[in-house]
Amino acid sequence: MSELLVERDGTTLTLTLNRPDKMNALSAALVEALLQQVAEAGNSGIRLLVLKGSGRNFSAGFDFGGYEDQSEGDLVLRFIQIEQLLQAIRHAPFDTLALAHGRNFGAGVDLICSCGRRIADPSATFRMPGLAFGLVLGTRRYAERVGGSRARIVLGDGIVFDAEEALADGFLTERIPTAEWPEAIANAAEAANRLSPEAATALHGATAADTRAQDLADLVTSAARPGLKERIRAYRA
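The sequence shown stops at residue 237 when you use UniProt numbering, and every number in between is there.
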């Protein structure tokens with residue numbers, strides 16, 4: 001079974017995380033597949049990229065399965081690849097739409113946050129516990145959405161927030177039941193095609209602060225600190 005389902009309809013590309021038995025946790029293979037699709041989309045006339053998850057939720061974040069058998073270097077590399085994916089989506093020259101449902105965690109929430117349009121079912125919940133094991137991933141992007149004060153509380157305390165709170169904070173752009181998502185996708189696709197590709201690229205470039213180098217440096221500094229596996233082990237205990 002493919003971990004990523006790919007569907008193109010005109011200028012809309014839909015990528016569905018397809019690890020429902022693992023709550024769509026981000027394995028190394030899934031992240032690599034997403035990176036490849038996002039890179040190719042920029043050269044194939046895509047105007048709207050849609051991200052969603054199969055099964056019970058959008059994504060449970062980083063796949064910790066088998067982490068004890070991986071070296072700390074391998075784990076750091078996996079986190080770097082996730083950051084590269086988040087940056088590629090955040091700075092893509094086309095519109096991006098995340099559709100979230102169920103319980104979502106960590107890098108899965110960061111993936112939603114990286115998209116320009118962020119829609120969730122009213123029952124969806126979110127939590128970003130990365131700082132519990134000393135990882136700085138997606139922090140600046142989240143703060144851009146909700147403001148520094150709110151980000152410090154949510155990230156520092158590792159609290160769970162629901163779709164209503166996420167909409168009020170600015171993390172979500174809309175709260176729409178899953179049954180109405182096809183209409184939401186159609187509306188987003190129509191909006192994405194209103195501008196010329198050149199105008200869309202200019203708009204995305206002008207409205208996304210380019211902090212990619214600093215974000216990657218912050219992640220590497222936090223992840224490369226000795227004892228990553230022990231911190232993960234303590235967090236998961």
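Beta carbons are placed, not taken as given, at the ideal position from N, Cα and C, and that holds for glycine.
If you draw a straight line from the Cα of V109 to the Cα of A163, it is about 12 Å long. Around F62, the same chain offers L26, G106 and A107 as residues with beta carbons nearer than 6 Å, after the five sequence neighbours per side are excluded. Checking the DSSP bridge columns, you'll see D95 partnered with L48. If you ignore the 5 residues before and after I176, its C-beta comes within less than 6 Å of the C-beta of I119 and A184, all in its own chain and listed in chain order. DSSP places R233 in the uninterrupted alpha helix (DSSP H) bounded by L228 to R236.
Within a 10 Å sphere around the beta-carbon of N57 sit 16 or more other beta-carbons, which makes this residue buried. For D9, the enclosing beta strand (DSSP E) begins and ends at L4 to D9. Judged by beta-carbon spacing, L155 lies within the 8 Å limit of L131, meaning their Cβ atoms are closer than that value.
Every alpha helix (DSSP H) stretch that sits fully inside the segment 63-139 and reaches 4 residues is listed by chain position as 72-90 and 106-113. The shortest C-alpha to C-alpha distance from Q214 to any of E180, T139, E32 and A28 is the one to T139.
Looking at the DSSP output, E174 bridges to I119. Counting only residues of its own chain and dropping the five nearest sequence neighbours on each side, Q81 has a CB closer than 8 Å to the CB of A28, V31, E32 and L35. If you check the CB distance, A92 and H204 come in under 8 Å. Cα atoms of E190 and A88: separation of roughly 23 Å, rounded to the nearest angstrom. Beta-bridge analysis with DSSP links T12 to D9 and L48. Non-local beta-carbon contacts of F161 in its own chain, meaning distances under 6 Å to residues more than five positions away in sequence, involve F126 in chain order.
For the options G10, G66, M23 and L5, the alpha carbon positioned closest to that of T16 is the one of L5.
Your pair T96 and R47 does not check out as a contact, with CB atoms roughly 10 Å apart and the cut at 8 Å. For A25, there is no enclosing alpha helix (DSSP H), as DSSP gives it neither H nor E. Its chain contains L13, L49, A92 and F94 as the residues whose beta carbon lies nearer than 8 Å to that of A41, once the 5 sequence neighbours on both sides are disregarded; these appear in chain order. Each residue's CA atom was taken as its position, placing G45 and R78 some 29 Å apart.
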